[in-house]
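So the sequence lines, in the order shown, correspond to chains A and B. Everything in the first sequence is counted per our numbering, starting at 30 for the first residue and increasing by one. Everything in the second sequence is counted per our numbering, starting at 30 for the first residue and increasing by one.
There are 2 protein chains.
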Amino acid sequence: MLGLMQDWPLLVSKILLHAEVAHSDVEVVTLRVEGDEHRYTYGEMAHRSRQVAQALTRYGINRGDRVATLAWNTYRHVELWYGIAGMGAVAHTINPRLFPEQIVYIANHAQDRILCTDITFVPLLEKIKDALTTIETFVVMTDDEHMPETSLKNAVSYETFIAGESGAFDWPEFDENTAAGLCYTSGTTGNPKGVLYSHRSNMLHTFAGCLTDTLGVSAFDVVLPVVPMFHANAWGIPYATPAVGAKLVMGGPNHDGKTLHKLIVDEQISMTAAVPTVWLMLLNYLRESGEKVESLRKVVIGGSAAPRSMIEAFEKDFGVEVSHAWGMTEMSPLGSVGALTGKTSKLPWEQRLDLKCKQGRGVLGAEMKITDEENNELPRDGVAYGHLKVRGPWIAKEYFRHEGGDILDEEGWFDTGDVATIDPDGFMQITDRSKDVIKSGGEWISSIDLENAAVGHPDVAEAAVIGIFHPKWDERPLLVLVAQNGKEVPKDEVIEFLRGKVAKWWLPDDVVYVDKIPHTATGKIQKMELRQQFKDYKLPTY
Amino acid sequence: MLGLMQDWPLLVSKILLHAEVAHSDVEVVTLRVEGDEHRYTYGEMAHRSRQVAQALTRYGINRGDRVATLAWNTYRHVELWYGIAGMGAVAHTINPRLFPEQIVYIANHAQDRILCTDITFVPLLEKIKDALTTIETFVVMTDDEHMPETSLKNAVSYETFIAGESGAFDWPEFDENTAAGLCYTSGTTGNPKGVLYSHRSNMLHTFAGCLTDTLGVSAFDVVLPVVPMFHANAWGIPYATPAVGAKLVMGGPNHDGKTLHKLIVDEQISMTAAVPTVWLMLLNYLRESGEKVESLRKVVIGGSAAPRSMIEAFEKDFGVEVSHAWGMTEMSPLGSVGALTGKTSKLPWEQRLDLKCKQGRGVLGAEMKITDEENNELPRDGVAYGHLKVRGPWIAKEYFRHEGGDILDEEGWFDTGDVATIDPDGFMQITDRSKDVIKSGGEWISSIDLENAAVGHPDVAEAAVIGIFHPKWDERPLLVLVAQNGKEVPKDEVIEFLRGKVAKWWLPDDVVYVDKIPHTATGKIQKMELRQQFKDYKLPTY
Numbered sequence: 030m031l032g033l034m035q036d037w038p039l040l041v042s043k044i045l046l047h048a049e050v051a052h053s054d055v056e057v058v059t060l061r062v063e064g065d066e067h068r069y070t071y072g073e074m075a076h077r078s079r080q081v082a083q084a085l086t087r088y089g090i091n092r093g094d095r096v097a098t099l100a101w102n103t104y105r106h107v108e109l110w111y112g113i114a115g116m117g118a119v120a121h122t123i124n125p126r127l128f129p130e131q132i133v134y135i136a137n138h139a140q141d142r143i144l145c146t147d148i149t150f151v152p153l154l155e156k157i158k159d160a161l162t163t164i165e166t167f168v169v170m171t172d173d174e175h176m177p178e179t180s181l182k183n184a185v186s187y188e189t190f191i192a193g194e195s196g197a198f199d200w201p202e203f204d205e206n207t208a209a210g211l212c213y214t215s216g217t218t219g220n221p222k223g224v225l226y227s228h229r230s231n232m233l234h235t236f237a238g239c240l241t242d243t244l245g246v247s248a249f250d251v252v253l254p255v256v257p258m259f260h261a262n263a264w265g266i267p268y269a270t271p272a273v274g275a276k277l278v279m280g281g282p283n284h285d286g287k288t289l290h291k292l293i294v295d296e297q298i299s300m301t302a303a304v305p306t307v308w309l310m311l312l313n314y315l316r317e318s319g320e321k322v323e324s325l326r327k328v329v330i331g332g333s334a335a336p337r338s339m340i341e342a343f344e345k346d347f348g349v350e351v352s353h354a355w356g357m358t359e360m361s362p363l364g365s366v367g368a369l370t371g372k373t374s375k376l377p378w379e380q381r382l383d384l385k386c387k388q389g390r391g392v393l394g395a396e397m398k399i400t401d402e403e404n405n406e407l408p409r410d411g412v413a414y415g416h417l418k419v420r421g422p423w424i425a426k427e428y429f430r431h432e433g434g435d436i437l438d439e440e441g442w443f444d445t446g447d448v449a450t451i452d453p454d455g456f457m458q459i460t461d462r463s464k465d466v467i468k469s470g471g472e473w474i475s476s477i478d479l480e481n482a483a484v485g486h487p488d489v490a491e492a493a494v495i496g497i498f499h500p501k502w503d504e505r506p507l508l509v510l511v512a513q514n515g516k517e518v519p520k521d522e523v524i525e526f527l528r529g530k531v532a533k534w535w536l537p538d539d540v541v542y543v544d545k546i547p548h549t550a551t552g553k554i555q556k557m558e559l560r561q562q563f564k565d566y567k568l569p570t571y
Numbered sequence: 030m031l032g033l034m035q036d037w038p039l040l041v042s043k044i045l046l047h048a049e050v051a052h053s054d055v056e057v058v059t060l061r062v063e064g065d066e067h068r069y070t071y072g073e074m075a076h077r078s079r080q081v082a083q084a085l086t087r088y089g090i091n092r093g094d095r096v097a098t099l100a101w102n103t104y105r106h107v108e109l110w111y112g113i114a115g116m117g118a119v120a121h122t123i124n125p126r127l128f129p130e131q132i133v134y135i136a137n138h139a140q141d142r143i144l145c146t147d148i149t150f151v152p153l154l155e156k157i158k159d160a161l162t163t164i165e166t167f168v169v170m171t172d173d174e175h176m177p178e179t180s181l182k183n184a185v186s187y188e189t190f191i192a193g194e195s196g197a198f199d200w201p202e203f204d205e206n207t208a209a210g211l212c213y214t215s216g217t218t219g220n221p222k223g224v225l226y227s228h229r230s231n232m233l234h235t236f237a238g239c240l241t242d243t244l245g246v247s248a249f250d251v252v253l254p255v256v257p258m259f260h261a262n263a264w265g266i267p268y269a270t271p272a273v274g275a276k277l278v279m280g281g282p283n284h285d286g287k288t289l290h291k292l293i294v295d296e297q298i299s300m301t302a303a304v305p306t307v308w309l310m311l312l313n314y315l316r317e318s319g320e321k322v323e324s325l326r327k328v329v330i331g332g333s334a335a336p337r338s339m340i341e342a343f344e345k346d347f348g349v350e351v352s353h354a355w356g357m358t359e360m361s362p363l364g365s366v367g368a369l370t371g372k373t374s375k376l377p378w379e380q381r382l383d384l385k386c387k388q389g390r391g392v393l394g395a396e397m398k399i400t401d402e403e404n405n406e407l408p409r410d411g412v413a414y415g416h417l418k419v420r421g422p423w424i425a426k427e428y429f430r431h432e433g434g435d436i437l438d439e440e441g442w443f444d445t446g447d448v449a450t451i452d453p454d455g456f457m458q459i460t461d462r463s464k465d466v467i468k469s470g471g472e473w474i475s476s477i478d479l480e481n482a483a484v485g486h487p488d489v490a491e492a493a494v495i496g497i498f499h500p501k502w503d504e505r506p507l508l509v510l511v512a513q514n515g516k517e518v519p520k521d522e523v524i525e526f527l528r529g530k531v532a533k534w535w536l537p538d539d540v541v542y543v544d545k546i547p548h549t550a551t552g553k554i555q556k557m558e559l560r561q562q563f564k565d566y567k568l569p570t571y
């Protein structure tokens with residue numbers, strides 16, 4: 030027997046409709062790519078998003094067609110997001126930090142018909158335009174006054190593109206499982222793969238993301254998502270803020286400490302979110318300038334692990350609560366957020382800090398478990414670690430155009446590729462990437478834990494640990510070091526330093542020095558390249 | 030084109046699964062009907078709910094069958110709620126405050142197969158048992174030790190009913206639109222009508238209800254839903270608390286000020302919700318005893334309008350934030366909640382209080398609009414008032430077994446039967462019931478506003494305003510008064526008193542005195558009976 034509740038599809042246009050009627054005069058502020066500041070309201074945003082939908086319809090964009098953006102966080106980017114998805118097309122956010130050949134691959138793979146770009150990226154696009162085989166028209170996200178001379182096909186300014194439209198447009202209703210957005214993961218191996226979000230997944234992610242213990246956004250808040258919209262939906266913030274009536278502040282291309290600080294003070298930002306690199310810049314600026322961030326209530330840190338010292342600095346030196354979050358592009362992206370609970374909030378500071386260094390508690394709707402190699406679930410005791418698997422309505426079931434084949438197991442779980450522990454209070458901690466963990470005699474050794482211990486030595490600049498073949502143990506750890514100021518600490522001394530900091534059987538079988546450890550564009554250690562480099566290395570314990 | 034996100038149906042069992050893995054040792058405390066206190070955890074609740082599902086399956090309850098409860102807020106009631114709905118049956122909460130013949134009507138109409146009752150209601154049920162034609166078995170929600178002698182058919186104690194079950198049960202997955210719960214509205218006219226909630230509606234209502242500006246429940250909270258589960262799902266709180274890991278405290282049959290105060294202090298309640306009558310008892314107790322409620326952060330008041338003095342007392346005398354909420358059984362029940370916004374929170378106290386006296390801001394997912402008689406939408410200017418209509422995924426589209434026929438208009442809106450204003454910041458205020466508003470010359474006069482103004486006179490004990498036929502104006506207001514201490518203020522003096530407090534053309538055409546104004550069981554004025562009483566009344570202005 031079915032319930033007798035209304036059929037009200039979960040469509041992202043509902044968010045904008047809600048903001049328009051309930052939070053019409055709440056502000057949206059943007060530091061524009063053109064260099065100036067722009068202010069308007071959700072009421073005006075809703076009107077212009079409908080103009081976008083009308084312009085796309087007039088152009089001939091159909092439901093399901095992909096319309097791409099290559100752009101920073103601005104009000105025009107948000108208008109496009111809602112306008113494209115709201116009419117039933119797919120908003121494809123492309124990361125401009127990718128290599129040009131990756132952008133070409135992604136745009137062609139997605140079969141984007143229109144590409145909307147900031148003026149910043151026009152020169153980049155001009156270089157690759159001949160390789161972009163499906164794009165018919167480039168919309169440059171500015172007005173005619175700031176429109177650059179360009180050889181891009183059918184180039185038109187955004188303001189001209191939407192100028193003729195009245196804004197009198199009813200958002201269509203359709204199946205809530207309709208695709209709304211597309212974002213490619215920049216995996217370290219193989220071609221980028223597209224994650225195709227639906228209206229339903231975006232709406233459920235918005236509700237879950239707004240919960241008090243998640244992002245906790247409310248109509249009291251002024252929110253600055255430093256995290257870009259091309260980076261996993263800016264963690265859902267441009268959906269969350271109009272959903273609850275929070276003021277939205279968009280920083281455009283600006284991520285430096287000084288500009289962020291000025292924005293925080295000028296707009297009285299209460300909540301913000303970004304990767305650790307951004308917060309390092311802000312904290313450095315605050316320390317150098319002696320400035321404060323008094324309006325700031327909460328900083329969400331994700332994308333990669335937040336250093337303990339960063340969490341401590343925000344909480345103790347600047348009185349800002351840190352929520353350590355974890356997710357993936359495949360997860361829309363939110364999986365877990367580090368808000369403390371009634372019980373854990375009463376712990377002494379150092380233990381609270383221990384918990385805040387973990388990757389947070391799973392949100393209702395993002396199921397998590399850890400398993401061993403045979404897919405047996407492991408206990409949530411904070412000690413056992415295993416493959417972190419996730420399941421839920423805003424998690425991918427396959428990649429666009431079925432790239433990479435099936436990605437779920439029989440029970441519908443997605444393997445995150447991370448190794449983690451989960452404690453009895455629900456806090457999850459990533460201990461390693463599955464492919465980087467060292468499998469020694471059937472047991473696992475965390476390369477990350479060993480690296481963290483090694484860089485604690487004052488004469489070690491950087492450390493990387495990889496598994497090397499061993500006839501008895503399968504793999505044993507090799508510690509690869511970069512010396513600080515050229516001072517190479519002898520192997521025995523390094524091992525002695527690590528003793529007591531890690532389990533005895535974790536101690537590396539050898540220590541080698543290199544001039545440089547290879548990194549990806551986003552600063553992560555390229556373990557695969559390192560393994561390639563040491564593929565013929567023979568351990569002294571062989 | 031459909032998105033490629035996982036198929037993860039929104040089922041209420043997911044809430045309990047989440048609580049079990051993420052908040053396993055968070056407490057659930059109950060003041061039992063047996064008179065003692067009971068404490069356990071969400072982990073144990075989840076286990077026993079699975080035992081309930083097993084016992085019902087063994088009994089032969091099928092998906093879609095109705096299993097009724099006649100019970101106060103207790104842990105067993107919550108176990109039943111999840112156990113019944115989780116296995117795919119329908120949890121039918123019956124209000125024990127209804128007249129016995131209404132209970133008979135409802136149970137027969139719902140075709141309940143099992144009725145689970147508190148020991149308190151066994152005598153009541155014994156009186157009506159022969160009229161209950163579909164109930165095969167009565168489960169008495171206690172253990173064998175407290176089991177009363179009873180003539181109820183197949184009576185068995187709850188603990189015995191579930192004792193043989195292992196708890197090893199996998200919650201089934203099925204269509205999220207499957208019915209999960211049933212609750213009858215006690216309308217003032219006609220037979221009660223059933224609202225049939227779905228798993229989807231309950232889950233979406235849970236997400237929306239947990240938002241910071243709605244109930245704002247988090248893992249920091251200790252929540253006491255004084256509002257009963259048979260009263261519109263206890264406003265969703267028994268779903269909200271395990272969803273976010275808040276401690277849940279159930280007061281059983283106790284609603285008096287002293288017991289509530291003790292519970293608030295003993296359990297360090299941070300958030301609670303009930304109708305104004307309950308808060309009046311608590312405030313009276315606090316004033317008489319000089320006690321405080323220091324742990325209390327927020328009180329949600331709904332069910333009927335919270336008096337201004339009550340909001341002021343909580344906020345100013347006891348430092349407790351009041352959220353004035355509005356909803357209906359047909360709305361699961363949440364429609365709007367009165368959290369202030371960034372902008373409105375900066376207003377002076379009296380203006381903030383004005384806003385808090387309104388019924389709150391609409392939540393994303395509970396669309397609201399006001400219309401005139403021709404269904405034209407009226408402006409959201411805080412002045413225009415019209416029929417309040419709602420639409421959304423946790424709002425009824427029809428009543429159970431199609432009682433009352435179609436209830437939505439062509440565009441899917443449900444007429445709440447209320448007349449309201451909506452201001453530009455989204456705050457809605459109920460000004461009257463549609464059927465009680467006085468239609469004078471095409472304009473509307475609020476009976477509630479007139480009544481509130483009249484009771485401001487020190488010699489008026491109670492006031493009711495009804496519309497009386499007028500040949501020129503269609504209707505004109507008649508003010509019906511009960512004198513304070515027998516002192517009947519003359520008509521002219523009453524009119525003079527009202528002048529300036531309401532618009533001039535609202536002033537009543539006549540004033541009459543009665544000994545008693547008729548009331549419903551829940552204390553509301555029975556306008557219909559009053560109109561019947563004065564149906565032949567001729568106004569002096571005729």
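We put the beta carbon where it would ideally sit given N, CA and C, even for glycine.
Burial check for B/F128: the Cβ neighbour count within 10 Å stays below 16, so the residue is exposed. Within chain A, the residues R420, G421, P422 have their CB atoms less than 7 Å from the CB of B/W37, given in chain order. B/N206 has a beta carbon lying within less than 8 Å of a beta carbon in chain A.
Against chain B, a Cβ distance below 9 Å from A/S247 picks out L240, T241, D242, G245, A368, T370, G371. Taking a Cβ-Cβ cut-off of 9 Å, the neighbours of A/P453 in chain B comprise S53, D54, given in sequence order. For a cut-off of 8 Å, the C-beta gap from B/G265 to A/T241 is around 15 Å, too long to register as a contact. For A/I467, the nearest beta carbon of chain B is not closer than 8 Å to its own beta carbon. With a threshold of 8 Å between beta carbons, B/F429 makes contact with chain A.
Exclusion of the five residues before and after A/V484 leaves A492 as the residues of its chain whose Cβ lies within less than 6 Å of its Cβ.
In the DSSP annotation of this structure, the continuous segment of the alpha helix (DSSP H) that includes B/G286 starts and ends at 286-296. Here A/V543 is actually not in contact with A/V518; their C-beta atoms are around 14 Å apart, not less than 8 Å. A Cβ-Cβ contact shorter than 8 Å links B/G367 with B/H353. The beta carbons of A/I340 and A/L382 sit about 6 Å from each other, so the pair counts as a contact at 8 Å. Under the DSSP assignment, B/Y213 falls in the beta strand (DSSP E) whose first and last residues are 208-214. Looking from the CA of B/Q131, the closest CA among B/Y314, B/A184, B/G223 belongs to B/G223. With respect to A/W535, A/P500 sits apart: the two C-beta atoms are not nearer than 8 Å.
CA-CA distance, B/E440 to B/V419, rounds to 11 Å. DSSP places B/T171 outside any beta strand (DSSP E), giving it a letter other than H or E. For B/R409, the chain A residues whose C-beta falls within less than 7 Å of its own C-beta are V50, listed in chain order. Residue contact check for B/I266 against chain A: no CB pair falls below 8 Å. According to the DSSP assignment, A/K43 belongs to the alpha helix (DSSP H) that extends over 42-51. Judged by beta-carbon spacing, A/T59 lies within the 8 Å limit of A/T103, meaning their Cβ atoms are closer than that value.
Beta-bridge partners of A/T445 (DSSP): none assigned. Following the DSSP letters along the chain, one finds B/I135 inside the alpha helix (DSSP H) bounded by residues 129-139.
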